[in-house]
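Peer 1:
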Amino acid sequence: MKRQDRQPVRMDKIPPHSVVDSKGKRSSLSRKLLLMLGGLIVGFAIAEWATRVWLYGVADDYTFAQIALYEDVPQQHRMFSPHHYLNYCNTPGFVSRDGLNRHNKLGFRGEEIAVPKPAGTFRIAVLGGSGTYTIKVPDYRQSFPAQLEKQLREQYGRVNVEVVNAGVGGYNSWESLINLQFRVLDLQPDLVIFYDAINDVHARIVPPDVYRGDNSGERRQWQTPKRALWERSVLLRLLNQRLRLVPMRYVGLEGYVNTDSSYMNLWSKDPEMVKLIDANPPTFFRRNLENMIAISRQQKVGFVLSTWAHSPNKPGPGEYVTWPQYAKGAAEHNQIIQAVAAEQKVPLLDLSAVMPQDAQYWFDGRHVNEAGAQKKAEFFAKFLIEQNLIPQ
């Protein structure tokens with residue numbers, strides 16, 4: 001049988017409505033795709049607008065500092081500023097957008113401080129990071145150091161006591177050591193309290209070959225980071241901050257002062273991360289504590305240590321306090337605090353043993369809320385009085 005040759009299809013034999021139907025289907029699909037794309041663009045634009053309204057009008061100052069681009073923040077509302085020795089410090093004269101928070105002209109959270117110190121004043125300075133600053137309590141008058149001053153005056157009659165909040169969000173023992181030496185001693189304190197531990201765990205979560213005594217594995221000099229295109233979107237920055245999709249290199253304080261080798265690029269719950277804690281022992285944390293004590297003694301200033309308290313009962317996105325590397329590191333640092341206090345014979349408040357872990361006192365696993373700040377101040381006030389560290 002001969003194979004029949006296939007005859008070409010003649011376009012004039014195709015019914016006109018078939019061509020129209022084919023073109024119509026393609027046109028309809030194109031319209032649907034355009035409508036979907038337009039809907040996505042409009043939806044994103046609305047979400048971006050709503051997020052900007054929230055960030056610039058509703059979000060608390062700590063969240064604002066973590067998500068807003070530094071150059072977008074008005075000068076008077078910039079919580080942190082560059083510092084020639086400390087990398088950064090609290091911005092002197094800062095006032096929060098809601099008016100609840102403020103820094104005095106010296107850059108300490110709270111009211112103005114008289115220097116020289118008035119005669120008869122017993123001045124206490126509390127060093128540390130965000131736990132001392134009490135960053136999750138918006139009103140500076142309700143911060144832990146402010147509550148401590150209030151309780152010492154009202155509950156124990158020490159009306160000549162003044163407590164300075166010398167905490168700065170993100171500070172570790174390196175920065176607290178420098179802060180004591182170059183800023184706090186000028187306030188003529190009679191007693192210094194150091195409260196921190198968790199921020200030094202960050203410094204240990206770096207590759208072992210860059211873990212050094214100058215903390216150059218974690219910190220760098222303040223510099224404005226380069227911006228990726230997506231970072232121009234407040235919505236995408238917020239999603240990234242919440243979900244940790246991309247290491248937080250360029251948004252918030254860390255992008256200005258942290259290195260490429262810092263913990264931000266090693267942000268993981270992976271139990272393998274504990275190996276970094278094992279490889280980078282807390283040698284420098286101990287040394288920094290000992291040096292703070294030595295400086296204070298040389299200047300005839302009393303010194304108090306406290307263990308670091310936290311709560312496992314406030315889980316949330318990005319809450320890392322129970323991650324293996326942080327749990328191990330914080331526990332080791334508390335042990336060092338206890339050991340150094342015993343060796344150096346300085347008073348120790350074991351706050352981690354007495355501070356309630358109930359969720360009602362905590363904003364998250366690391367930071368107290370207003371009720372927690374008051375409870376924390378109660379323990380410190382009672383301890384200072386019982387140890388006869390404040391004269392009548």
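Under my numbering, the first residue of the sequence shown carries the number 1, and numbering increases by one thereafter. Backbone N, C-alpha and C define an ideal beta-carbon position, used for all residues, glycine too.
How should Met1 be labelled, buried or exposed, when 16 other C-beta atoms within 10 angstroms of its C-beta is the threshold for buried?
Peer 2: Here residue 1 refers to the residue found at position 1 of the sequence shown. In this prediction, Met1 has a pLDDT of 47, which is less than 50 and means its spatial position is unreliable; what the coordinates show is noted afterwards. By the 10 Å Cβ count, Met1 comes out exposed.
Peer 1: Just to confirm my understanding: we take Ser96, look at its own chain, exclude 5 residues before and 5 after, and list those with CB closer than 6 angstroms. What are they?
Peer 2: The residue given as residue 96 occupies position 96 in the sequence shown. Asp61, listed in sequence order.
Peer 1: Nearest-angstrom Cα distance between Ser268 and Leu276?
Peer 2: Locating residue 268 in the sequence shown gives position 268, counting from the first residue. Locating residue 276 in the sequence shown gives position 276, counting from the first residue. Those two C-alpha atoms are separated by around 12 angstroms.
Peer 1: Output the boundary residues of the beta strand (DSSP E) element that contains Ser143.
Peer 2: Residue numbering aside, residue 143 sits at position 143 when the sequence shown is read from its first letter. First-last for Ser143: undefined, no H or E at that position.
Peer 1: DSSP on Leu349, reduced to helix/strand/coil?
Peer 2: Start at 1 with the first residue of the sequence shown, and residue 349 comes out as number 349. If DSSP states are grouped into helix, strand and coil, Leu349 belongs with the strands.
Peer 1: Could you give the first and the last residue of the continuous alpha helix (DSSP H) run that contains Phe291?
Peer 2: As a position in the sequence shown, residue 291 is number 291, starting the count at 1. Just to set this straight, residue 291 is Asn in the shown sequence, not Phe. Element bounds for Asn291: Thr283 to Gln298.
Peer 1: Ends of the alpha helix (DSSP H) at Val340?
Peer 2: Along the sequence shown, read from residue 1 onward, the residue named residue 340 stands at position 340. Unbroken alpha helix (DSSP H) run through Val340: Pro324 to Gln344.
Peer 1: Would you say the stretch 125 to 145 touches the stretch 202 to 220, given that touching needs at least three Cβ pairs under 8 angstroms?
Peer 2: Short answer: they don't touch.
Peer 1: Between which two residues does the beta strand (DSSP E) harbouring Leu127 extend?
Peer 2: Locating residue 127 in the sequence shown gives position 127, where the first residue counts as 1. Note, Leu127: beta strand (DSSP E), Phe122 to Gly128.
Peer 1: If you scan the stretch 179 to 234 from start to end, which runs of the beta strand (DSSP E) of 3 or more residues do you find wholly inside it?
Peer 2: Taking only runs of at least 3 residues, the beta strand (DSSP E) segments lying wholly in the stretch 179 to 234 are 191 to 195.
Peer 1: Could you check whether the stretch 342 to 355 touches the stretch 106 to 126, counting it as contact only if at least three pairs of C-beta atoms, one from each stretch, sit closer than 8 angstroms?
Peer 2: Flag = no, the stretch 342 to 355 and the stretch 106 to 126 do not touch.
Peer 1: So, at 8 angstroms on beta carbons, what are the nonlocal neighbours of Ser216 in its own chain, with the 5 sequence-adjacent residues on each side left out?
Peer 2: For the purposes of this step, residue 216 is taken as residue 216 along the sequence shown, with counting starting at 1. Same-chain partners within the cutoff: Val210 and Thr259.
Peer 1: Going along the chain, which residues of its own chain have a beta-carbon closer than 7 angstroms to the beta-carbon of Gly38, five neighbours each way excluded?
Peer 2: The sequence position of residue 38 within the sequence shown is 38, counting from 1. Closer than 7 angstroms at Cβ, skipping near neighbours: no residue.
Peer 1: From what residue to what residue does the beta strand (DSSP E) around Tyr88 run?
Peer 2: Along the sequence shown, one-based indexing puts residue 88 at 88. Unbroken beta strand (DSSP E) run through Tyr88: Asn87 to Asn90.
Peer 1: Per DSSP, what kind of secondary structure is Leu435 in: helix, strand or coil?
Peer 2: There is no way to answer for residue 435, as the model of the chain reaches only from 1 to 392.
Peer 1: Does the distance from the CB of Leu191 to the CB of Leu389 come in under 8 angstroms?
Peer 2: Here the question's residue 191 lines up with position 191 in the sequence shown. Here the question's residue 389 lines up with position 389 in the sequence shown. A contact, by the Cβ cut-off of 8 angstroms.
Peer 1: Between the Cα of Trp174 and those of Phe380, Arg212, Glu154 and Gly255, spot the shortest distance and give me the residue it belongs to.
Peer 2: As a working mapping, residue 174 is identified with position 174 in the sequence shown. The shortest Cα separation from Trp174 among Phe380, Arg212, Glu154 and Gly255 belongs to Arg212.
Peer 1: Within 10 angstroms of its Cβ, does Tyr85 collect 16 or more other Cβ (buried), or is it exposed?
Peer 2: Residue numbering aside, residue 85 sits at position 85 when the sequence shown is read from its first letter. The residue is exposed, with fewer than 16 neighbouring Cβ atoms inside 10 Å.
Peer 1: Taking C-alpha atoms, which residue in Phe194, Lys382, Pro82 and Val126 lies nearest to Gln338?
Peer 2: Here residue 338 is taken as the residue at index 338 of the sequence shown, counted from 1. The shortest Cα separation from Gln338 among Phe194, Lys382, Pro82 and Val126 belongs to Phe194.
Peer 1: Let's see if you can read the secondary structure: which residues bound the alpha helix (DSSP H) around Val161?
Peer 2: Walking along the sequence shown from the start, residue 161 turns up at place 161. It is not in any alpha helix (DSSP H) - Val161 instead sits in the beta strand (DSSP E) that spans Val161 to Gly167.
Peer 1: Leaving out five residues on either side along the sequence, give the residues of the same chain with a beta carbon under 8 angstroms from the beta carbon of Pro324.
Peer 2: Counting from 1 along the sequence shown, the entry for residue 324 is found at position 324. Lys269, Pro271, Met273 and Val274.
Peer 1: Suppose contacts are defined by Cβ-Cβ distances below 8 angstroms. Is His367 in contact with Lys136 by that definition?
Peer 2: Residue mapping note: residue 367 aligns to position 367 of the sequence shown, counting from 1. Residue mapping note: residue 136 aligns to position 136 of the sequence shown, counting from 1. Cβ distance < 8 angstroms, so His367 and Lys136 count as in contact.
Peer 1: Starting from Val274, follow the alpha helix (DSSP H) in both directions and report where the run begins and ends.
Peer 2: As a working mapping, residue 274 is identified with position 274 in the sequence shown. First-last of the alpha helix (DSSP H) with Val274: Val274 to Ala279.
Peer 1: Which residues bound the beta strand (DSSP E) around Val304?
Peer 2: Position 304 of the sequence shown, counted from the first residue, corresponds to residue 304. Per DSSP, Val304 belongs to the beta strand (DSSP E) from Gly302 to Ser306.
Peer 1: Report whether the distance from the Cβ of Leu35 to the nearest heavy atom of the ligand MG is below 7 angstroms.
Peer 2: You won't find the ligand MG in this model; it holds no ligand whatsoever.
Peer 1: Using DSSP's beta-bridge definition, name the partner residues of Val95.
Peer 2: Here residue 95 corresponds to residue number 95 of the sequence shown, with the count starting at 1. Paired residues: Arg102.
Peer 1: Between Ala203 and Gln374, what straight-line distance do the alpha-carbon atoms span, to the nearest angstrom?
Peer 2: Mapped onto the sequence shown, residue 203 falls at position 203. Mapped onto the sequence shown, residue 374 falls at position 374. The alpha-carbon atoms of Ala203 and Gln374 are separated by roughly 30 angstroms.
Peer 1: Is the stretch 150 to 167 close to the stretch 126 to 133, with three or more CB pairs under 8 angstroms?
Peer 2: Yes, the stretch 150 to 167 touches the stretch 126 to 133.
Peer 1: Answer with buried or exposed for Tyr296, where buried requires no fewer than 16 other C-beta atoms within 10 angstroms of its C-beta.
Peer 2: Taking the sequence shown and counting its residues from 1, one reaches residue 296 at position 296. Per the sequence presented here, residue 296 reads as Ser, with Tyr not at that position. That one is buried.
Peer 1: Going by the CB atoms, is the gap between Phe80 and Thr91 shorter than 8 angstroms?
Peer 2: Working through the sequence shown from its first residue, we reach residue 91 at position 91. Working through the sequence shown from its first residue, we reach residue 80 at position 80. Closer than 8 angstroms, so yes.
Peer 1: For Pro82, which beta-bridge partners are listed by DSSP?
Peer 2: Counted from its first residue, the sequence shown places residue 82 at position 82. Tyr88, per the DSSP bridge assignment.
Peer 1: Helix, strand or coil: which one does DSSP assign to Asn240?
Peer 2: Numbered from its first residue, the sequence shown carries residue 240 at position 240. Here Asn240 sits in helix by DSSP.
Peer 1: Which residues does DSSP list as the beta-bridge partners of Val368?
Peer 2: Indexing the sequence shown from 1 puts residue 368 at position 368. Bridge partners of Val368: Trp362.
Peer 1: When the Cα of Leu394 is compared with those of Arg220, Glu386, Leu55 and Gly318, which residue comes out closest?
Peer 2: The requested residue 394 is not part of the displayed model; the chain covers only 1 to 392.
Peer 1: Around the C-beta of Leu245, are 16 or more other C-beta atoms found within 10 angstroms, so that it is buried, or is it exposed?
Peer 2: For the purposes of this step, residue 245 is taken as the residue at position 245 of the sequence shown. By the neighbour-count rule (16 or more Cβ atoms within 10 Å), Leu245 is not buried but exposed.
Peer 1: Confirm, please, whether the CB-CB distance from Ser233 to Glu71 is below 8 angstroms.
Peer 2: Reading the sequence shown from its first residue, position 71 is the one you call residue 71. Reading the sequence shown from its first residue, position 233 is the one you call residue 233. Not in contact: Glu71 and Ser233 (Cβ atoms no closer than 8 angstroms).
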